[in-house]
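The structure appears right after this line, and notes come after that.
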Amino acid sequence: FCHPYFGNILVIDQSLQITERDEANYHEMMAHVPLVYMPDAKKALVIGGGDGGALLRILQHSNIEHAALVDIDMPTMREISRKYFSFLHQAYTDPRTKAYSYDGSKWLMEQLEDEENMGSYNL
Numbered sequence: 001f002c003h004p005y006f007g008n009i010l011v012i013d014q015s016l017q018i019t020e021r022d023e024a025n026y027h028e029m030m031a032h033v034p035l036v037y038m039p040d041a042k043k044a045l046v047i048g049g050g051d052g053g054a055l056l057r058i059l060q061h062s063n064i065e066h067a068a069l070v071d072i073d074m075p076t077m078r079e080i081s082r083k084y085f086s087f088l089h090q091a092y093t094d095p096r097t098k099a100y101s102y103d104g105s106k107w108l109m110e111q112l113e114d115e116e117n118m119g120s121y122n123l
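According to our numbering, the sequence shown is numbered sequentially starting from 1.
The structure is reproduced here in structure tokens:
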């Protein structure tokens, strides 16, 4: 829904996820703080976060060559992001982005079982 002060608000299962006005407070801390300490990071993984906010902030770092986003309901989250949070949706159009519609914990376990993928993400 939309609030006069907070703008568009995303609520899932009666739990506030993000608002237009203060989403940066949340997403920037998740992305910028670890990447300041990891200036050579090349590959980032975001599990959940289908709104694209954390992904967008990660992609602001020029050292990132590949960013994967895994969300259990990617088509729905991508559409919500496009329609209500278009400034975040631009992360999906970055050529470094690969989005997966999958259960994050299962996806991660499958990646860990594949020796070629084990340890392939820096963040």
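Cβ coordinates follow ideal geometry from the N, Cα and C atoms, glycine included. No experiment lies behind these values; they were computed from the predicted model shown.
Here serine 101 is actually not in contact with histidine 89; their C-beta atoms are around 16 Å apart, not less than 8 Å.
Note: alanine 68 is bridge-paired with Leu45 and Lys98 in the DSSP secondary-structure output. Assigned with DSSP and collapsed to three states, leucine 10 falls in strand. Counted as a single uninterrupted DSSP element, the alpha helix (DSSP H) harbouring threonine 76 occupies residues 74 to 84.
Ranked by how close their Cα comes to the Cα of leucine 108, the residues Gly48, Ala91 and Asp94 have Gly48 in first place.
Per DSSP, glutamine 90 is not a residue of any alpha helix (DSSP H), being assigned neither H nor E. By DSSP's assignment, leucine 16 forms a beta bridge with Val11.
Under the three-state reduction of DSSP output, histidine 27 falls in the helix class.
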